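Everything on this sheet refers to the single structure shown next.
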Amino acid sequence: MNKWTKHDLLDLEDLSKDELELILETAKSFREVSSRDVKKVPALRGKTVVMLFFEPSTRTRISFELAAKRLSADTLNIASSSSSLSKGETILDTAKNIEAMNVDAIIVRHPSSGVPKVLAESLNPSIINAGDGCRAHPTQGLLDVFTIKDKKGKIEGLNVGIVGDILHSRVARCDITALKKLGANVTVCGPSTLIPIGIENLGVKVSYDVDEVIEASDCLMLLRIQKERQEDKFLPSIREYAKKFGINKERLKRAKKDMLIMHPGPTNRGVELTAEVADGDSSVILEQVTNGIAVRMAVLYLLLGTKEPEQKKKKG
Ligand code: CP
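For the sequence shown, position 169 (counting from the first letter as 1) is numbered 170 according to this note's numbering, and the numbering increases by one without interruption.
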């Protein structure tokens, strides 16, 4: 596979194995740009990328902005609180006004699942999903598999445990999709109230015993307990969760020596993992953040820099 044809990036479910591998290869080639003295290539000179975030973000927003800037694109940040959205304008009207200024891509994060898809169906700029509700966070899934491949040399045949709030996690969904397409064995683990019914249909195993999962895993992905998405009480207490599922140094003694500890962030130290595990030798949490820039450079480049003219006007 050497030709990219997609116009938007909404969900990893929309991508083939070849397309996933093309993004990972392209990211690998862009990674060294960030270690140069002058961290810039002209690949997207003249393109305009808009960040439209309706939810807080540290990693994703900054990473996309740096990725676009390192490709020489112009970038613009729009916060919902300081735009006319606060005066009652709809998201679609706001986005249509942004489109009218001839931008090339809109990167959107929203608490409601499906907002990026609605924008993609109505607008010509490429729409990139930076996280929508509990549904998808495709570039997080991509940077996670990039990091695993970088550290382990492969994805196929690896055992990956995903521990935590699977029910509310858009990261879990995208990680599972990417890992399964690339041939990993995935086990999800957490309190039964935070494991979606029927998740086995995605080809994953379910375990409620974190020690068993630690022993079997090559990589352990820890997920945050998402208090902001829990309308009902899914847990007796955070303290109870930390005791039963939190990863500490004692629990890590069961792990393979080279098992990776991963976390998409933000971490709750003392809940999903202790500070010494977060900062310990097994942790690649900050490498995930570093790799996020290369992966987002690859996504922006493939969507905006390799487009055939007929792909540009798909709507209207
Ligand atoms: N992993 C992640 O999406 O982090 P932010 O919420 O800081 O963007």
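Glycine included, every Cβ here is placed at the ideal spot set by N, Cα and C. This structure is a prediction, so every number in the text was calculated from the model and none was measured.
Put simply, the region 201–210 touches the region 180–191. At least three CB pairs are less than 8 Å apart. Contact between P126 and V104 holds, with the beta-carbon distance rounding to 5 Å and staying under 8 Å.
If one requires a minimum length of 4 residues, the alpha helix (DSSP H) runs lying completely within the region 163–191 are 171–182, in chain order.
Proximity of the beta carbon of Q141 to ligand 1 is indicated: a heavy atom of the ligand is located closer than 6 Å. If you check the CB distance, A74 and V50 come in under 7 Å.
In this structure, H111 sits near D133, with a CB-CB distance shorter than 7 Å.
Per DSSP, K206 is one residue of the beta strand (DSSP E) stretching across K206 to S208. The continuous beta strand (DSSP E) containing R110 extends over residues A106 to H111. In the structure shown, the three-state DSSP call for D9 is coil. For G132, the enclosing beta strand (DSSP E) starts and ends at S127 to D133. Annotation for K48: A74, D105 and L305 place their beta carbon closer than 6 Å to its own, counting only its chain and skipping 5 residues before and after. For P197, the shortest C-beta to heavy atom distance toward ligand 1 is 6 Å or greater.
According to DSSP, V51 shares a beta bridge with L77 and I107.
The nearest non-hydrogen atom of ligand 1 is 6 Å or more from the C-beta of R270. R240 has its CB no nearer than 6 Å to any heavy atom of ligand 1. Counting other Cβ atoms within 10 Å of its Cβ, E14 stays below 16 and is therefore classed as exposed.
Closer than 6 Å to some heavy atom of ligand 1: that describes the Cβ of R60. In this structure, I248 sits away from V272, with a CB-CB distance that is not shorter than 7 Å. Per DSSP, L67 is one residue of the alpha helix (DSSP H) stretching across R60 to R71. Considered as a whole, the region 242–273 harbours 261–263 as its complete beta strand (DSSP E) runs of no fewer than 3 residues, in chain order. Cβ-Cβ distances below 7 Å link E277 to K250 in the same chain, with the five nearest sequence neighbours on each side left out; the list follows chain order.
Remark: the C-beta of G266 is in contact range of ligand 1, defined as less than 6 Å to any heavy atom. Looking at the DSSP output, V161 sits in a beta bridge with V187 and C220.
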